[in-house]
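Undergrad:
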Amino acid sequence: MNKLQITEADLHAFVDAQGPQARRAEIEVHLAAHPEDAERVRAYGAQKRALQELFHPVLDEPLPEALRQLTSRPTAATAQQDKPFLPRWSLQRIAASVFITLVSGAAGWLAHGQYHPAERMAQVTPLARQAAVAHAVFTPDVRRPVEISAEHEDQLVTWLSKRLGTPVRAPKLGAQGFELVGGRLLPGNSGPVAQFMYQDASGQRLTLYVSTEIAANHDTAFRFSQEGQVNVFYWIDGKFGYALSAGIDKGALARVASVVYDQLDRN
Amino acid sequence: MDSRAILAELPRLRRYARAMVGERAAADDLVQDTLEKAWSRISQWRAGSDLRAWLFSIMHNLRVDQLRRPALSTSSMEEDYVDPPTRATQTDRLEVQNLESALARLPEEQREVLLLVALEELSYQEVASTLGIPTGTVMSRLSRGRERLRLILDGQQPTVPLRVVR
Chain H
2 MNKLQITEAD
12 LHAFVDAQGP
22 QARRAEIEVH
32 LAAHPEDAER
42 VRAYGAQKRA
52 LQELFHPVLD
62 EPLPEALRQL
72 TSRPTAATAQ
82 QDKPFLPRWS
92 LQRIAASVFI
102 TLVSGAAGWL
112 AHGQYHPAER
122 MAQVTPLARQ
132 AAVAHAVFTP
142 DVRRPVEISA
152 EHEDQLVTWL
162 SKRLGTPVRA
172 PKLGAQGFEL
182 VGGRLLPGNS
192 GPVAQFMYQD
202 ASGQRLTLYV
212 STEIAANHDT
222 AFRFSQEGQV
232 NVFYWIDGKF
242 GYALSAGIDK
252 GALARVASVV
262 YDQLDRN
Chain Y
48 MDSRAILAEL
58 PRLRRYARAM
68 VGERAAADDL
78 VQDTLEKAWS
88 RISQWRAGSD
98 LRAWLFSIMH
108 NLRVDQLRRP
118 ALSTSSMEED
128 YVDPPTRATQ
138 TDRLEVQNLE
148 SALARLPEEQ
158 REVLLLVALE
168 ELSYQEVAST
178 LGIPTGTVMS
188 RLSRGRERLR
198 LILDGQQPTV
208 PLRVVR
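Dropping the structure here:
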């Protein structure tokens, strides 16, 4: 995920849900910081929906007879203009093969459009939900929010790295007003995952959930999810899945998420 | 081409034509011309290619021909044209509430790109190949079209682009 400048084309790709997932997340971060762009994106999305609503009824209108007849090859002179040397039976055979190709092509296209994102969702959505649940369970705990506190950050990081089988570290969020409280080990889908907890001066808590259970490291996604009262930004970076959860508004969380991403990316 | 395959595309062709042309009878005439043209060019149809895209590009070309025929041939300077800032005062406010009439005020090139993206939900690359233009041009037309539509619906008066006689 590279932090290129957000272009006009990016804003449209965002409205139309085109372009890579990773880019969407960067655009989301940009929009959180640029209300005038966010307003345009909102207006363009509203336009799109209004156009769809306005013209959708045409799809359900009965077809005029003249058009219905033209779904079959016209038998009049027009038919003869086209390759008169081809006998009619051969045209029909071509038409049949085209139709078969078309149907299988359409099926393939549908499969691509529907199953691919669904497959991706199956990997990503549980991450956000798990993180939000872990956040909701441990952040209200006054006395034991973490297993190892920030005083022993070295031990915490060494231990979590060992248990996860790969180096992990706690990003520094002091500039954003959040200090590390500590961390803990949690059960994930099939093994251990880590949770780092932060707190600001007002007592507002934020958790970073780190999973190494990402099976397919083919994609880097950066997405937003609202799980009840908890807002979650999550993304996949190689074999790591990260989810940043807090009960703070989306824009503020996006700014922190961007900082976390930058720090972890320098690993 | 198979009757059922064409039949399946007809509602979408009609919807797009309605949005492009506005008036129902004229829109259906355009669809009819499109189908006739498609049958007369059946030899150009490549097996396995996208029937919908093929029909939409035939419709696009017919529309270009139609618009060229009646009056002097004009081409929009829209591509190079930068909208000057508009004044948004109460007196300038044009009460255009109607999306349909706002849409009709877009230049043809912007309207077709916007509709292929918004109604047909084609990818930008598909729009580019359907219209036979580069993707960059798709993006600039989409951007101008959306912004212009937004200003019209906001009651602001977008400036009329200059057109040159070819």
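Protein sequences, first through last, are from chains H and Y. 9 is the number that the numbering used here gives to position 8 of the first sequence; each next residue is one higher, with no gaps. 113 is the number that the numbering used here gives to position 66 of the second sequence; each next residue is one higher, with no gaps. A virtual CB, placed ideally from N, CA and C, is assigned to each residue, including glycine.
(1) Is the CB of Y273(H) under 8 Å away from at least one CB in chain Y?
(2) Given a cut-off of 8 Å on the beta-carbon distance, is the pair Y199(H) and F179(H) in contact?
(3) Just checking my contact of L128(H) with Y235(H) at CB under 8 Å: how many whole Å lie between their CB atoms?
(4) Of all the options S176(Y), G192(Y), L200(Y), which has the alpha carbon lying nearest to the alpha carbon of S96(Y)?
(5) Quick one: what does DSSP say N108(Y) is sitting in, helix, strand or coil?
(6) Measuring straight from C-alpha to C-alpha, what distance separates L12(H) and S73(H)?
(7) Of all the options F15(H), P75(H), R41(H), which has the alpha carbon lying nearest to the alpha carbon of R195(Y)?
(8) Determine which residues share a DSSP beta bridge with Y243(H) and list them.
(9) Does the distance from the CB of E154(H) to the CB of L181(H) come in under 8 Å?
(10) By the criterion of Cβ-Cβ separation under 7 Å, what are the contact partners of F56(H) in chain Y?
(11) If you reduce the DSSP assignment to three classes, tell me which class S18(H) lands in.
(12) Starting from P58(Y), follow the beta strand (DSSP E) in both directions and report where the run begins and ends.
(13) Closer than 7 Å by beta-carbon distance: list the chain Y residues that pair up with D17(H), in chain order.
(14) Among residues of its own chain, excluding the 5 on either side of P181(Y), which ones have a beta-carbon nearer than 8 Å to its beta-carbon?
(15) Expressed to the nearest angstrom, what Euclidean distance is found between the alpha-carbon atoms of P146(H) and F241(H)?
(16) Hey, Q53(H) and A64(Y) are a contact pair by Cβ (cut 8 Å); roughly how many whole angstroms apart?
(17) Ignore the nearest five residues each way along the sequence and tell me which others in A33(H)'s own chain have a CB closer than 6 Å to its CB.
(18) Pull up the CB-CB distance for V160(Y) and L189(Y), whole angstroms please, since I reckon it's below 8 Å.
(19) By alpha-carbon positions, which one of P63(H), L186(H), E9(H) ends up nearest to W160(H)?
TA: According to the structure data:
(1) Because chain H here runs from 2 to 268, residue 273(H) falls outside it and cannot be looked at.
(2) Result yes, Cβ atoms of Y199(H) and F179(H) sit closer than 8 Å.
(3) 5 Å between Cβ atoms; contact.
(4) Comparing Cα-Cα distances from S96(Y) to each of S176(Y), G192(Y), L200(Y), the minimum goes to S176(Y).
(5) Of the three classes helix, strand and coil, the one that applies to N108(Y) here is helix, per DSSP.
(6) Rounded to the nearest angstrom, the two C-alpha atoms are 43 Å apart.
(7) Comparing Cα-Cα distances from R195(Y) to each of F15(H), P75(H), R41(H), the minimum goes to R41(H).
(8) Y243(H) pairs with V211(H), W236(H).
(9) Cβ distance < 8 Å, so E154(H) and L181(H) count as in contact.
(10) Contact note: F56(H) reaches chain Y through R62, R65, A66, L166, using a C-beta cutoff of 7 Å and chain order.
(11) First, the amino acid is wrong: residue 18(H) is Ala here, not Ser. Looking at A18(H) - three-state DSSP - the assignment turns out to be coil, as it is neither helix nor strand.
(12) Membership of P58(Y) in any beta strand (DSSP E) is not indicated; the residue belongs instead to the alpha helix (DSSP H) covering 50 to 68.
(13) In chain order: V164.
(14) The residues are A175.
(15) The alpha-carbon atoms of P146(H) and F241(H) are separated by roughly 24 Å.
(16) Their Cβ separation, rounded to whole angstroms, is 16 Å, which puts Q53(H) and A64(Y) out of contact at 8 Å.
(17) Taken in chain order, the residues that qualify are G252, A255.
(18) Contact flag correct, Cβ pair sits at about 5 Å.
(19) Put simply, of P63(H), L186(H), E9(H) the residue whose alpha carbon is nearest the alpha carbon of W160(H) is L186(H).
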